[in-house]
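See below for the structure under consideration.
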Amino acid sequence: MQPSIFNLRVPLPSRDQVFLMNTLTDAQLLVSSDVAALLDRTAGARVDDFDAEAREALSLLSDQGFLVDDRDADRRALDQFFSDIRSDTTELRVTV
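Here the sequence shown is numbered in this note's numbering, starting from 290 and rising by one per residue.
Here it is in structure tokens:
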């Protein structure tokens, strides 16, 4: 488990919060700085390494795409995204 390579962070120090966005899933969260720090601690860790409260936060982060199994999972998700767009026949795409 590790943070997605598509995560963006914008610290909001006056509020002690962090705006998180995953550019692949378009997920957006406003979290406390301790949740952002938890995201940093996940690299190479197992879910069992965390207490119940942290596991609940990690589950939400994972559901929204902020946490992935590994870099290959991120790349596969990106490949799938572009494959879905290219094979979608419900919209006409024109390049000028």
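The beta-carbon is built from N, C-alpha and C at its ideal position, and this holds for glycine as well.
Proximity to residue i [Cα-Cα], best of the options
{"i": "Gln317", "options": "Met290, Val299, Ala341", "result": "Val299"}
{"i": "Ser247", "options": "Phe339, Thr379, Ala362", "result": "Absent from the model: residue 247. The displayed extent of the chain is 290 to 385, so no value can be given."}
{"i": "Gln369", "options": "Val336, Thr314, Met310, Ser351", "result": "Thr314"}
{"i": "Phe295", "options": "Asp338, Ile374, Val324, Leu367", "result": "Leu367"}
{"i": "Ala326", "options": "Arg364, Arg382, Leu309", "result": "Leu309"}
{"i": "Val320", "options": "Asp340, Phe339, Ala346", "result": "Ala346"}
{"i": "Gln306", "options": "Ser322, Glu342, Thr379, Thr312", "result": "Ser322"}
Range covered by the alpha helix (DSSP H) that runs through residue i
{"i": "Ser372", "result": "360-376"}
Bridge-paired residues (DSSP) for residue i
{"i": "Gln291", "result": "Val357"}
{"i": "Ser321", "result": "Gln306"}
{"i": "Ala326", "result": "For Ala326, which the question treats as bridged, DSSP gives no partner whatsoever."}
{"i": "Ala316", "result": "Asn311"}
Where the beta strand (DSSP E) through residue i begins and ends
{"i": "Leu350", "result": "Premise fails: Leu350 lies in the alpha helix (DSSP H), 341-352, not in any beta strand (DSSP E)."}
{"i": "Leu301", "result": "296-301"}
Pair within 7 Å by beta-carbon distance, residue i and residue j
{"i": "Arg330", "j": "Val336", "result": "no"}
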